[in-house]
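Participant:
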Amino acid sequence: MTVRALRYYEAAGLVVPRRLTNGYRDYAPTALRQVEEIRTLTGLGLSVEDTRPFVECLASGHDLGDECPASLAAYRRSIRDLSERIRLLTERRDTLAAHLEASSRRLIPDAPEGNARTGISVSPEVSAPSPVPVPADPAWLPPGLPRPPDDGGAAHLPGGRLPDLVLPATDGRAVGLGALGPGRTVLYVYPLSGRPGTDLPDGWDTIPGARGCTAEACAFRNHYDDLRAVGAARVYGLSSQPREYQRELAERLRLPFAILSDTGLALREALDLPAFTAGGRTLYRRLTMIVNRGEIEHVFYPVFPPDQHAAEVLDWLRLQDPPQGETAHDREGHPLSVPRPPR
C-alpha cells in the first residue's frame, strides 16, 4: 500500500481517518479493513468507486463488506458488466478466427504449383503489402527440425500381414485393412495434423519427426497421379485423430485419397507400431507401409523430411515390378504403360 493510494481513497471519501491535535492521521481498525477490501476488490477488476458499497458496509459495523444489500447489487452489476465485456471480446475473437480460417484456406492451391518443396502457392493478395497479418503457409516447415533416429521400431514389420481391422475413412467408407484388394497400397501413418487457428502440443517442433504432417499430406496429394501411374492401386493416410477432424483436413487440402481414423490405436496394438507421447496423448510415429495383397512388402522408417517423403515412395515404386498379373492405372482407372529405369 502506497501513501499515494491511501490519499486517493481519502479524497474519494472511502477511508476517513481521524485527525489528531498534532495534525497526524489516526486510522481506526475499520479503516485498515476497508483498505484491504478495496485492494481485494480492485484486484478482481472493480474500480475504486465500485468498492464504495463494500467499504460503507464495513463502516456501518458489519464484519464483512458484502453483508449489505448494496454490496450484493454491486456484485451483480460487476458480473453483468464483465459478462458484456466477455461477450464483446468473444465476438472479436470469433471474427479474427474466421479471418484466420479464410486466409489459411486461400493458401491452399488449386493445382500443385508454387513452392516445389511443399506444393503450396501463395495467392497474390498475400504477397502484396497488407496491414493485416497473413497466417503462415500451413505446409511450411521451419529449418532445423530434429531428425528422428532409426530406433529399429519398424524392423519387424516387413513380411508381416495387416490385421483384419475396419477403420472409418474420410470419404464415408469403412476400410478393411485385411482386405485392401489387389495391387500395392501406400499406407502412410502420421502422428497429428494441425488445423488453422489450433495450437499443436507444447514443444511439438522439438520432438524428432513430429512436425510436418500437413506438408506430408500435400506432397502425397501432389504426387498422387504419379504414384498411381507406377503401380500404387490406392493411397491412404492414417492417424489417431477423429474422422470429423480428418475430414476437415482432407477437404481443406483437397486430398484425392482418404484418411483413416484409428482413435483407439488398434493398428499399433496389432502390429506393435512405434509411438510417442505428447500433450498427454499417445501418437503414432511417422512411417509408411507398402502393402501388397495384405502383406507388408516394404516399410519406410524413420520418415524425414516429411515434405519430401512422397517423392521417396515414388522413386521406390518406380524400381519395382508391377504385382503379377496387374497393370498400373491412372486416377480414372485407365491402364498405363510406364517405362522403368534399368536395374
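Just so you know, we're using our numbering here: the sequence shown kicks off at -16 and counts up by one. Glycine included, every Cβ here is placed at the ideal spot set by N, Cα and C. Please read these numbers as outputs of a predicted model, since none were measured by experiment.
1) Considering Cα atoms alone, identify which of T13, A198, A253 is closest to G177.
2) Reducing DSSP to helix, strand and coil, say where N205 ends up.
3) Using DSSP bridges, identify the partner residues of Y267.
4) Label N205 either buried or exposed according to how many other C-beta atoms from any shown protein chain fall within 10 Å of its C-beta, with 16 as the threshold for buried.
5) Quick check on DSSP: helix, strand or coil for H139?
6) So, at 8 Å on beta carbons, what are the nonlocal neighbours of G161 in its own chain, with the 5 sequence-adjacent residues on each side left out?
7) Go ahead and label E20 buried or exposed: buried means 16 or more other beta carbons lie within 10 angstroms of its beta carbon, across all protein chains shown.
8) Between which two residues does the beta strand (DSSP E) holding A216 run?
9) Give me whichever residues DSSP pairs with A241 in a beta bridge.
10) Could you pull the DSSP bridge partners for R144 from this structure?
11) For L226, which of helix, strand or coil comes out of DSSP?
12) Taking the straight line between their C-alpha atoms, what separation do you get for P114 and L71?
13) Look at the alpha carbon of I273 and the alpha carbon of L83, and state the distance between them as a whole number of angstroms.
14) Would the segment -13 to 1 count as touching the segment 21 to 40 if we require 3 or more Cβ pairs under 8 Å?
15) Given S54, which residues of its chain have a CB within under 8 Å of its CB, disregarding the five upstream and five downstream residues?
16) For R211 and S66, what's the separation of their Cα atoms in angstroms?
17) What is the DSSP secondary structure of L170, reduced to helix, strand or coil?
18) Going by the CB atoms, is the gap between D245 and L221 shorter than 7 Å?
19) Check the C-beta distance from L254 over to L183 and give it rounded, since I have them as a contact under 8 Å.
20) Helix, strand or coil for F287 per DSSP?
21) For D188, collect the residues of the same chain with a Cβ closer than 7 Å to its Cβ; drop the 5 residues on either side in sequence, then sort them by chain order.
22) Have a look at the DSSP bridge pairing and note the partners of G159.
23) If you follow the alpha helix (DSSP H) that T13 is in, where does it begin and where does it stop?
24) Starting from the C-beta of P107, find all residues in its chain whose C-beta is less than 6 Å away, skip the five residues before and the five after it, and write them out in chain order.
25) I190 by DSSP, collapsed to three states: which one?
26) What does DSSP give as the partner residues of I273 in its beta bridges?
27) Return the residue from the list A(-5), A293, G135, G26 that minimises the CA-CA distance to D209.
Facilitator: Looking at the atomic coordinates:
1) A198
2) helix
3) A258
4) buried
5) coil
6) R144, L145, P146, D147, L148, G277
7) buried
8) 215 to 222
9) Y219
10) E278
11) Strictly speaking, residue 226 in this sequence is Arg, with Leu absent from that position. Of the three classes helix, strand and coil, the one that applies to R226 here is helix, per DSSP.
12) Confidence at P114 is low in this model, with a pLDDT of 36, below 50, so its placement is unreliable and the value that follows should be read with caution. In a straight line, the C-alpha of P114 is about 23 Å away from that of L71.
13) 37 Å
14) yes
15) P36, F37, C40, G48
16) 56 Å
17) strand
18) yes
19) Not confirmed; about 26 Å, so no contact.
20) coil
21) P125, L128, R194
22) V149
23) 12 to 26
24) A caution first: P107 carries a pLDDT of 39, below 50, which makes its placement in the model unreliable, though a value can still be read off. Nothing listed; no residue qualifies.
25) coil
26) V169, H281
27) A293
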